[in-house]
Structures are given as C-alpha cells and as structure tokens.
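The block underneath contains the structure these notes are about, expressed in structure tokens.
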C-alpha cells in the first residue's frame, strides 16, 4: 500500500522517544504526522517496555532539573487525559558519599532550581530507611517530586494522544530505506510514504537502518539486567515505605537503581 499524500513529518520508531516526538509534532496546528513502528504494538523488543521507570528532579546536571518542570506537568496532564495512573509520586533518593561530588552536585542542581528536597545524614538515612544497609559515610538527598512512571501505560497513553490529535500510527511495518530529497521518500515492507521531514528514533536498529546511506553513528546498545529482590520484612519495600533511588557507587564501587515493590508484591526490582 502506498500513500501519495505528503506528511509534514514522518517519525520512524514507536518507542517512547519516537512516540513523544510524534505526539508533540501532532499538537502543532495543521501538522500532518505519520509514526511508523516495525513491530506490532505493544511489544517487548526495545527499551521502552516494562512496568516501571524512575522519574526525578535530582540530577548532577542542572539542565535536567530545569527540564523536569515541563516533564512533571506533561505526565500529570497525560494522566488526567487518559484516566489511568501513570505517575506515582513516591519520592526519589540520590544516595552517595557524604561530601562527595555526586551528592554535592545533586544539592547544587536542586538548590539553584528551587526544587524541594531533604538532605539526610547517614544516621537519619539509616533510621528512616532501615531496610537499606549503608555505612557511616553514606547519606542521601530525598527528592520529594520524584517517583515511578508506569512505563507501559504511559507509552500507550502517549500513542492514543498522538492519534487523537490527528496523527497516523502504523505498527508492524518495517522501514527498509529512505530516499533523501526536498521531499523524503520512506519505503517500508508494506508501501511508500513521502514527508517534508523525517525523525529517526530507531534505538539499537539505527546503524542497521542507516547503512544504505553510508552513515554509521557511534552507538553501542547496552543490555541492562534487572534483578528482583525479595523483602526480608513484609511490606518494607512497598511505595509507602521506600522511594525510588539511585545508589552512586556505594555498593563495592557499583551503581544501582531501585524501585519499590509495585510490579510483584514483596519483590523490589534493582536494575
């Protein structure tokens, strides 16, 4: 099937980045947008699937902290529009060595952006979160606006929002090649499309996709393993007792992310 109309933008890749780009473009008055995804939706073959993701204001780069003003409003509006629970504000902890660069940079970014936080000493940290075991030199910054995004629900809500704003979503359709030009031609395994611009959000398939254009980007896909740890004390890792967190090299030099036991009661995921 070929579509002879000309789109203002064609987005390749229906993960969270491609969907977000397509949805944002579709909200511009008079903008005709096509979103192409190679796999039937929903699927678990990329990096956007899963139940939970961490969201936070606390970063070591002030740009991200500022950007979260927009992001927090966006998730709230998307949640209201979808009628689904997409964001749970359970808080977020940046865990690191007291006096170290990591905690100090988080403190700086939160302070200059006037974001609410609480700094816990090692003693206060251990008393407030006894389910975590750290030494005397480790403290944390508690980001009150942080929490958990329900990833699969959020992605579905974004895709529905895109379509509701007039966007065209075609899944199960593999893009085989692009033909550059003033009007770009996009050829798939099911047809051809034309667009004034193309946005590529292909993830680990990017270089495979660009090979016919003799373009190779320095991308290295990384596999992240997620372990589920069973609670030693019942309900100790529930959202009412444990925020999301990032431990910066406090566990034998390794860094660990953690999420409360939302997916499987009694088990907490640690990517």
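Numbering (the UniProt record's numbering), first residue to last: 1 to 271.
Yeah, the Cβ is synthetic: ideal placement off N, Cα and C, and Gly gets one too.
All figures in this text were calculated on a predicted structure; none of them were measured in a lab.
Under DSSP, residue 259 takes part in no beta bridge, so it has no partner.
Judged by their CB atoms, residue 148 and residue 66 are not nearer to each other than the 8 angstroms cut-off. For residue 107, DSSP records no beta bridge to any residue. Across the structure, residue 235 and residue 241 are spaced so that their CA atoms are roughly 8 angstroms apart. No residue range can be given for residue 132, since it is assigned to no alpha helix (DSSP H) and is classified by DSSP as neither H nor E. Around the beta carbon of residue 76, fewer than 16 other beta carbons sit within 10 angstroms, so the residue counts as exposed. Rounded to whole angstroms, the separation of the alpha carbons of residue 38 and residue 90 is 35 angstroms. For residue 75, the enclosing alpha helix (DSSP H) begins and ends at 62-82.
For residue 115, the three-state secondary structure derived from DSSP is coil.
Inclusion of residue 139 and residue 244 in the CB contact set at 8 angstroms is not warranted, their separation being larger than that value. Classified as buried, residue 22 has 16 or more neighbouring CB atoms from the shown chains inside 10 Å of its CB. Restricting attention to 233, 229 and 252, the CA atom closest to the CA of residue 258 is found in 229. Annotation: residue 100 is outside any alpha helix (DSSP H) and is labelled neither H nor E by DSSP. In its chain, beyond the 5 residues on either side, 22, 23 and 26 have a beta carbon closer than 6 angstroms to the beta carbon of residue 162.
In the displayed model, residue 160 falls within a helix according to three-state DSSP. If you compare the alpha carbons of 136, 74 and 151 with that of residue 47, the shortest gap goes to 151. Fewer than three Cβ pairs drawn from the stretch 7-16 and the stretch 104-123 lie within less than 8 angstroms of each other, which leaves the two stretches out of contact. Selection 222, 93, 74 and 69 evaluated against residue 247 yields 93 as nearest (Cα-Cα). DSSP, reduced to helix, strand and coil, places residue 90 outside both helices and strands of the structure shown, so it counts as coil. Looking at the DSSP output, residue 185 shares a beta bridge with 179 and 194. Contact between residue 58 and residue 106 holds, since their C-beta atoms are separated by about 5 angstroms, short of 8 angstroms.
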